[in-house]
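Residue 52 in full-length UniProt numbering is what sits at position 52 of the sequence shown, and the numbering runs on without skipping anything. We treat Cβ as the ideally placed atom computed from N, Cα and C, and that holds for glycine. Because the structure is a prediction, the values reported are computed rather than measured.
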Amino acid sequence: TRHTTGLRLERMLCWPYQLQLVKLVLLRKRVPLYKHIADLVGKSATTLPVPAITVINGGTHAGNNLPIQEIMILPIGAKNFEEAMQMGSETYHHLKDIIWEKYGSDSCNIGDDGGFAPNISSITEGLDLVIAAIDRAGYNGRIKLAIDAAATDFCVGKKYDLEFKSAKKSGQNFKTGDDMIEIYSQLCSGITCLWIYIFWEANLLTS
């Protein structure tokens, strides 16, 4: 939308100035960027963040019918960054095996962000695949799920078309903002999803 385009343009224009301002602060303080950020949030210990690893792609980043852009895993139970990456890698490879077993060898296509892109249309089905991979890898309770919905890509007016990529639309999957909130709430029940990003169109916040 025009509103969203304006917001993106503002971010593009502001970012270089913000970056230069931070560089000036770093020169004055004579500290690296990570130390400056730690000081801002009052943290003395330096640790690498938990990686968010894309394992399934959809939306405009894949050729399947899944409306959301990414399903990610967060190895929150890892002792360190190295172990987190190992947990992510093992889960990723188990996910490939599960997709192969369930949908066939031609279903292990890769999306723009490196996640698998099986031809699924249901968000729940995608989450179930990842949960099965986590279970097979032996990391139940140590890996949580996250979603980058990129809802701006399937927002039509003030509704959301969950079949925006389908050639045969049923007409039953146009959702209101309230409908989407209910869908997201159900996904997060039982802490299936730890967080959901870009869950609706920006201009709905002001309408």
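Between the options, which lies nearest to residue i when the distance is taken from Cα to Cα?
{"i": "Phe-81", "options": "Lys-169, Ile-53, Asp-153, Ala-117", "result": "Ile-53"}
{"i": "Tyr-103", "options": "Ile-131, Ile-120, Ile-110", "result": "Ile-120"}
{"i": "Thr-60", "options": "Pro-16, Ile-76, Asp-113, Gly-77", "result": "Asp-113"}
{"i": "Asn-65", "options": "Ile-143, Phe-116, Val-22, Arg-136", "result": "Phe-116"}
{"i": "Ile-68", "options": "Lys-168, Gln-172, Tyr-160, Thr-176", "result": "Tyr-160"}
{"i": "Val-55", "options": "Ile-143, Leu-40, Gly-177, His-36", "result": "Ile-143"}
{"i": "Ala-137", "options": "His-94, Phe-164, Asp-153, Gln-172", "result": "His-94"}
{"i": "Met-148", "options": "Arg-30, Ile-98, Leu-187, Tyr-17", "result": "Per the sequence shown, residue 148 should be read as Asp rather than Met. Nearest option by C-alpha distance: Leu-187."}
{"i": "Glu-101", "options": "Lys-165, Pro-118, Ser-44", "result": "Pro-118"}
{"i": "Leu-127", "options": "Ile-37, Leu-194, Lys-43", "result": "Leu-194"}
{"i": "Ala-62", "options": "Ala-150, Ala-45, Tyr-197, Met-85", "result": "Ala-150"}
{"i": "Met-72", "options": "Ala-146, Arg-30, Asp-179, Lys-29", "result": "Ala-146"}
Is it buried or exposed for residue i, if we count other Cβ within 10 angstroms and need 16 for buried?
{"i": "Leu-27", "result": "exposed"}
{"i": "Gly-141", "result": "exposed"}
{"i": "Gly-111", "result": "buried"}
{"i": "Thr-47", "result": "exposed"}
{"i": "Lys-168", "result": "exposed"}
{"i": "Thr-124", "result": "exposed"}
{"i": "Glu-70", "result": "buried"}
{"i": "Lys-175", "result": "buried"}
{"i": "Val-22", "result": "exposed"}
{"i": "Gly-157", "result": "exposed"}
{"i": "Asp-39", "result": "exposed"}
{"i": "Glu-97", "result": "The sequence given here places Asp at residue 97; Glu does not occur at that position. By the neighbour-count rule (16 or more Cβ atoms within 10 Å), Asp-97 is not buried but exposed."}
Alpha helix (DSSP H) containing residue i: first to last residue?
{"i": "Ile-147", "result": "It is not in any alpha helix (DSSP H) - Ile-147 instead sits in the beta strand (DSSP E) that spans 144-148."}
{"i": "Leu-66", "result": "Neither: Leu-66 is in no alpha helix (DSSP H) and is coded neither H nor E."}
{"i": "Lys-96", "result": "81-103"}
{"i": "Ser-185", "result": "177-188"}
Quick check on DSSP: helix, strand or coil for residue i?
{"i": "Ile-53", "result": "strand"}
{"i": "Lys-43", "result": "coil"}
{"i": "Ile-76", "result": "coil"}
{"i": "Leu-194", "result": "strand"}
Item to check | Sequence ranges, beta strand (DSSP E) only - wholly within the region 116-164, length at least 3 | outcome: Along the region 116-164, the beta strand (DSSP E) occurs as fully enclosed runs of 3 or more residues at 144-148, 159-161, listed in sequence order.
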